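Protein chains in written order, with this note's numbering: chain Z, 1 to 109; chain F, 1 to 115.
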Amino acid sequence: RKEVEQDPGPFNVPEGATVAFNCTYSNSASQSFFWYRQDCRKEPKLLMSVYSSGNEDGRFTAQLNRASQYISLLIRDSKLSDSATYLCVVMNQGGKLIFGQGTELSVKP
Amino acid sequence: DAGVTQSPTHLIKTRGQHVTLRCSPISGHKSVSWYQQVLGQGPQFIFQYYEKEERGRGNFPDRFSARQFPNYSSELNVNALLLGDSALYLCASSDYRARTGNTIYFGEGSWLTVV
Numbered sequence: 001r002k003e004v005e006q007d008p009g010p011f012n013v014p015e016g017a018t019v020a021f022n023c024t025y026s027n028s029a030s031q032s033f034f035w036y037r038q039d040c041r042k043e044p045k046l047l048m049s050v051y052s053s054g055n056e057d058g059r060f061t062a063q064l065n066r067a068s069q070y071i072s073l074l075i076r077d078s079k080l081s082d083s084a085t086y087l088c089v090v091m092n093q094g095g096k097l098i099f100g101q102g103t104e105l106s107v108k109p
Numbered sequence: 001d002a003g004v005t006q007s008p009t010h011l012i013k014t015r016g017q018h019v020t021l022r023c024s025p026i027s028g029h030k031s032v033s034w035y036q037q038v039l040g041q042g043p044q045f046i047f048q049y050y051e052k053e054e055r056g057r058g059n060f061p062d063r064f065s066a067r068q069f070p071n072y073s074s075e076l077n078v079n080a081l082l083l084g085d086s087a088l089y090l091c092a093s094s095d096y097r098a099r100t101g102n103t104i105y106f107g108e109g110s111w112l113t114v115v
């Protein structure tokens, strides 16, 4: 079983749609949780950290359920510029980042 | 301020050769980590160095080695290259043994193709 598992993609959605990404992790001792965005042939970039209380940044909302070991990302009012691969990432005690395989999002006009 | 710099950006090697990839962290950052990203997958952790000492190693064969220099730059070495080593190699820099993702920065990566 992979340590971090994400929904298989790709997701193809029209502009303005709401899209949800789901992720589960296996190590209950994991300390920190993130969503990264990776554009084609570029390095991953931090999109947002994820907290148990839930956090929102504009059109993006992230949620963590430690009991279920489940992480989510919601994108509202999708833009063409949101097209990218979204990586669910967990940090362990040693500061090592463990990435999911990524879910590709394609937003169409 | 310069971000994380990696070199070379692209290279092609033949099976059996070795390769050295280089990374310069953000000024003041003492921790460098290396990740391998095969096409269609998320990055996989290879090594972490902090204050010039290895602090973590992923599930990679002994053909993979790394070191960190007194100026905190780092090299990743891969010997006896295999076709499966073709990947994007990412260097991540942080200012301490990172506790949050907000302090981790990736370089643009080195694209390695093994033929």
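Even for Gly, the Cβ is constructed at its ideal location relative to N, Cα and C. Given the structure is predicted, the values throughout are model-derived calculations rather than measurements.
Any idea if residue 44(Z) is buried or exposed, counting beta-carbon neighbours within 10 angstroms, 16 or more meaning buried?
Within the first sequence, the letter at position 44 stands for residue 44(Z). Result: buried.
At a CB-CB cut-off below 7 Å, which residues of chain F make contact with residue 101(Z)?
Your numbering for residue 101(Z) matches position 101 in the first sequence. Residues of chain F passing the Cβ test: 41 and 42.
Residues of the segment 4-32 of chain F in Cβ contact with chain Z at a cutoff of 8 Å, in chain order, please.
Residues of the segment 4-32 of chain F with a C-beta atom less than 8 Å from some C-beta of chain Z are 31, listed in chain order.
What three-state label does DSSP hand residue 57(Z) in the structure shown?
Your numbering for residue 57(Z) matches position 57 in the first sequence. It is a strand residue.
Is it the case that the segment 18-34 of chain Z contacts the segment 64-75 of chain Z, given that we only count it when at least three CB pairs across the two stretches are under 8 Å?
A contact between stretches requires three or more CB pairs, one per stretch, nearer than 8 Å, and the segment 64-75 of chain Z meets this requirement with the segment 18-34 of chain Z.
Beta strand (DSSP E) segment containing residue 14(Z), residue limits
Translated into the one-based positions of the first sequence, residue 14(Z) becomes position 14. Taken as a continuous stretch (DSSP letters only), the beta strand (DSSP E) holding residue 14(Z) covers 11-14.
I think residue 102(Z) touches residue 4(Z), with their Cβ atoms under 8 Å apart; what is that distance to the nearest whole Å?
Residue numbering aside, residue 102(Z) sits at position 102 when the first sequence is read from its first letter. Residue numbering aside, residue 4(Z) sits at position 4 when the first sequence is read from its first letter. Under the criterion of beta carbons closer than 8 Å, residue 102(Z) and residue 4(Z) do not qualify as touching, at roughly 10 Å.
Rounded C-beta distance between residue 94(F) and residue 7(F)? I'm assuming under 8 Å.
For the purposes of this step, residue 94(F) is taken as residue 94 along the second sequence, with counting starting at 1. For the purposes of this step, residue 7(F) is taken as residue 7 along the second sequence, with counting starting at 1. Not confirmed; about 20 Å, so no contact.
Endpoints, the beta strand (DSSP E) within which residue 92(Z) is located:
Walking along the first sequence from the start, residue 92(Z) turns up at place 92. DSSP places residue 92(Z) in no beta strand (DSSP E); its state is neither H nor E.
What's the C-alpha gap between residue 63(F) and residue 24(Z)?
Taking the first residue of the second sequence as position 1, residue 63(F) is located at position 63. Taking the first residue of the first sequence as position 1, residue 24(Z) is located at position 24. Taking the straight line from one Cα to the other gives about 32 Å.
Taking residue 11(Z) and residue 81(Z) to be in contact with their CB atoms under 8 Å, please state how far apart those CB atoms are, rounded to whole angstroms.
The residue labelled residue 11(Z) in the question sits at position 11 within the first sequence. The residue labelled residue 81(Z) in the question sits at position 81 within the first sequence. No, residue 11(Z) and residue 81(Z) are not in contact; Cβ-Cβ is about 15 Å, not under 8 Å.
Would you say residue 79(Z) lies against chain F (beta-carbon separation less than 8 Å)?
The sequence position of residue 79(Z) within the first sequence is 79, counting from 1. Judged by the 8 Å Cβ criterion, residue 79(Z) is not in contact with chain F.
Report the three-state DSSP secondary structure of residue 84(F) (helix, strand or coil).
Stepping through the second sequence from its first residue, residue 84(F) is reached at position 84. Residue 84(F) carries a helical assignment under DSSP once its states are collapsed to helix, strand and coil.
What did DSSP end up calling residue 9(F) once you bin it into helix, strand or coil?
Your numbering for residue 9(F) matches position 9 in the second sequence. When DSSP states are grouped into helix, strand and coil, residue 9(F) belongs to the coil group.
Could you tell me which of 35(Z), 41(Z), 91(Z) and 42(Z) sits nearest to residue 54(Z), measuring between CA atoms?
The count along the first sequence starts at 1 and reaches residue 54(Z) at position 54. Comparing alpha carbon positions, the residue from 35(Z), 41(Z), 91(Z) and 42(Z) closest to residue 54(Z) is 35(Z).
Residue burial classification, residue 79(Z) (beta-carbon count within 10 angstroms, cutoff 16):
The residue labelled residue 79(Z) in the question sits at position 79 within the first sequence. The residue in question, residue 79(Z), is exposed, as its Cβ has fewer than 16 Cβ neighbours within 10 Å.
Would the beta-carbon of residue 74(Z) fall within 8 Å of that of residue 17(Z)?
Taking the first sequence and counting its residues from 1, one reaches residue 74(Z) at position 74. Taking the first sequence and counting its residues from 1, one reaches residue 17(Z) at position 17. The criterion of a C-beta distance shorter than 8 Å is not satisfied by residue 74(Z) and residue 17(Z).
Thinking residue 19(F) and residue 112(F) are a contact (beta carbons under 8 Å), I'd like their distance in whole angstroms, please.
As a first step, residue 19(F) is located in the second sequence; it is residue number 19 there, counting from the start. As a first step, residue 112(F) is located in the second sequence; it is residue number 112 there, counting from the start. Indeed, because the Cβ distance is near 6 Å, the residues count as touching under 8 Å.
Would the segment 44-51 of chain F and the segment 64-73 of chain F be scored as touching if the rule is three or more Cβ pairs under 8 Å?
The answer is yes - the segment 64-73 of chain F touches the segment 44-51 of chain F, with three or more Cβ pairs under 8 Å.
In angstroms with no decimal places, state the Cα-to-Cα distance between residue 29(F) and residue 38(Z).
Numbered from 1 along the second sequence, position 29 holds the residue referred to as residue 29(F). Numbered from 1 along the first sequence, position 38 holds the residue referred to as residue 38(Z). Residue 29(F) and residue 38(Z) have their C-alpha atoms spaced approximately 23 Å apart.
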